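Sequence positions in the sequence shown follow the numbering used here and run 1308 to 1641. See structure below.
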Amino acid sequence: MAETVLFLDRRFGTRKPYAEAIRDAGGTVRESDAETEADRIEECRDATVVVTTTTPVTAPMLESATDLRLAFRNGAGYDTIDVAAANRLGVAVSALRGYMNDELAEHAIALLLAVARDVAYCDRQMRSEPGWGDRTYVRSVAGETVGIVGFGQVGRTFAEKAAALGLEVIAFDPYVPSDLFDRLGVERVGFDELLSRADAVSIHCQLTAETHHLFDEQALERLDDDAILINTARGPVVDEDALVAAVTEDRLAGAGLDVFETEPPEGAVLSCEGIVCSPHHGGDTVETTERAIEMGRDEISRALCGKRLRHVVNPEVIKHEEGFTVGRGTYDSP
1308 MAETVLFLDR
1318 RFGTRKPYAE
1328 AIRDAGGTVR
1338 ESDAETEADR
1348 IEECRDATVV
1358 VTTTTPVTAP
1368 MLESATDLRL
1378 AFRNGAGYDT
1388 IDVAAANRLG
1398 VAVSALRGYM
1408 NDELAEHAIA
1418 LLLAVARDVA
1428 YCDRQMRSEP
1438 GWGDRTYVRS
1448 VAGETVGIVG
1458 FGQVGRTFAE
1468 KAAALGLEVI
1478 AFDPYVPSDL
1488 FDRLGVERVG
1498 FDELLSRADA
1508 VSIHCQLTAE
1518 THHLFDEQAL
1528 ERLDDDAILI
1538 NTARGPVVDE
1548 DALVAAVTED
1558 RLAGAGLDVF
1568 ETEPPEGAVL
1578 SCEGIVCSPH
1588 HGGDTVETTE
1598 RAIEMGRDEI
1608 SRALCGKRLR
1618 HVVNPEVIKH
1628 EEGFTVGRGT
1638 YDSP
């Protein structure tokens, strides 16, 4: 019987670019029509690979999929998959890590400059008033200190681009080895020190229980009144209500957001003029789309063909015994 690749997100159309590669690897494609988690649990029972973008892959879904080899996230993050449950069950989890490092870092820089230079306000003024409108002074970022929260691949790429603009770079990440900081000449600091020193903060960490609302009312209060907050990582890392209040009350200079607690966003965050918003497209370019498709096709095909996976985020499930035993499937060749 052919092995099944189950696509959980109907509206994203992720199935089409992968269908030919899946068939070439001897698999069949199935698109979810589930409306509830109970339906998805049933759908997962005979799946070899599940693919998700926004649909949560929960512990009960993983438990029901007794033949599951791989839970694949069609994106850079993997907070939609219960990785702890996957570890317990021996299921590999992969994501498209690294495919949009430059693009996300560029977008974070763009948001930082848009806030510092008051681009959105100037645009509104020129369109609504005759002449030049209100030509207020804007802000230089060269010589300022930017604090990076999350010094993974995107955070390090952002550090290089920020340094090229003349910013002093400091960073907080308790999990990254110190030599990676040293290699880029970035000062490693604790979270509290970062908040007290940074003129701007750019968030590049994963969303976990530890980082949920990391930037809450208390953290935002410790930032300088002239500080700028940029988030291109995950919306719930920031308490959005607290952020809107801080910007509205001039306790922050402004913010740039590409991600939101609820997506698409609504309410106060969109009406707050001190917050520059973009629609979670920081990494969406022609180049990254092509890159993602190639990486995803290759990873799913490898899972079906018993080859070594290249983008596993939970390597603890890999046992180097007879070939590569990854969870419930045996992966023999590199």
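Every residue, glycine too, gets a C-beta built ideally from N, C-alpha and C. Model, not experiment: these values are computed from the prediction.
Opposite residue i in the DSSP bridges: which residues?
i	result
ILE1477	GLY1454, GLU1494
VAL1356	VAL1312, LEU1377
ILE1388	VAL1364
ASN1538	ILE1510, LEU1564
VAL1544	The partner list for VAL1544 (beta bridge, DSSP) is empty, contrary to what the question assumes.
By DSSP, does residue i sit in helix, in strand, or in coil?
i	result
SER1401	strand
GLY1613	coil
ASN1621	coil
ALA1562	strand
THR1335	strand
CYS1584	strand
VAL1483	coil
VAL1554	helix
LEU1472	coil
VAL1445	coil
VAL1633	Any reading at VAL1633 needs caution, since the residue's pLDDT is 48, under 50, leaving its predicted position unreliable; the model's value is listed next. Of the three classes helix, strand and coil, the one that applies to VAL1633 here is strand, per DSSP.
LEU1530	coil
THR1569	coil
THR1596	helix
THR1464	helix
ASP1430	helix
ARG1395	helix
ALA1372	coil
ASP1340	coil
TYR1325	helix
SER1640	The predicted position of SER1640 is uncertain, since its pLDDT is 45 and thus under 50; no value can be drawn from it.
ARG1317	coil
ASP1425	coil
CYS1579	coil
ASP1605	helix
With residue i and residue j assumed to form a contact (beta carbons below 8 Å), what rounded beta-carbon distance in angstroms separates them?
i	j	result
VAL1453	SER1509	6 Å
ASP1374	THR1355	6 Å
GLY1473	HIS1511	At roughly 20 Å, the Cβ-Cβ gap does not stay under 8 Å, so GLY1473 and HIS1511 are not in contact.
LEU1527	ALA1553	5 Å
ASN1381	THR1360	5 Å
Between the options, which has its C-alpha nearest residue i's C-alpha?
i	options	result
PRO1324	ARG1352, ALA1391, VAL1358, ALA1399	VAL1358
GLN1460	ALA1423, LEU1419, ASP1486, ALA1412	ALA1412
ASP1389	ARG1352, PRO1363, ASP1565	PRO1363
ASP1340	LEU1315, ALA1328, GLY1333, ASP1480	LEU1315
ASP1353	THR1361, LEU1559, GLU1342, VAL1336	VAL1336
PRO1572	ALA1392, LEU1559, ARG1541	ARG1541
PRO1367	ALA1469, ASP1533, ILE1348	ILE1348
ASP1346	PRO1484, ALA1326, TYR1482, SER1371	SER1371
MET1602	THR1387, ASN1394, LEU1403	LEU1403
LEU1369	THR1361, GLU1350, GLY1384	GLU1350
ILE1582	ASP1409, ALA1391, ASP1425	ASP1425
GLY1590	ASN1538, ASP1532, ARG1490	ASN1538
ASN1408	VAL1551, THR1464, LEU1611	THR1464
LEU1491	TYR1428, PRO1481, ALA1469, ASP1506	ALA1469
SER1447	ASP1533, GLY1405, ASP1480, ARG1395	ASP1533
ALA1562	THR1596, THR1365, GLU1597, PHE1522	PHE1522
TYR1428	CYS1584, ARG1558, VAL1398, LEU1611	CYS1584
ALA1516	ALA1478, VAL1545, ALA1417, ARG1609	VAL1545
HIS1618	ASP1557, ALA1383, SER1435	ALA1383
ARG1495	ILE1455, GLU1524, ALA1507	ILE1455
ALA1524	ASP1548, GLN1513, PRO1622, SER1401	The sequence given here has Glu at residue 1524, not Ala. Comparing Cα-Cα distances from GLU1524 to each of ASP1548, GLN1513, PRO1622, SER1401, the minimum goes to ASP1548.
ALA1560	GLY1397, ALA1507, TYR1406	ALA1507
ALA1471	LEU1611, ILE1416, ALA1328	ILE1416
LEU1487	GLY1457, SER1503, GLN1513, LEU1502	GLY1457
ILE1600	ALA1610, ALA1328, ALA1378	ALA1328
PRO1543	ARG1558, LEU1536, ALA1378, HIS1519	HIS1519
VAL1620	VAL1398, ARG1322, GLU1342	VAL1398
Ordered list of alpha helix (DSSP H) runs contained in the stretch 1494 to 1528, each at least 4 residues: Fully contained in the stretch 1494 to 1528 are the following alpha helix (DSSP H) runs of length 4 or more, in chain order: 1498 to 1504.
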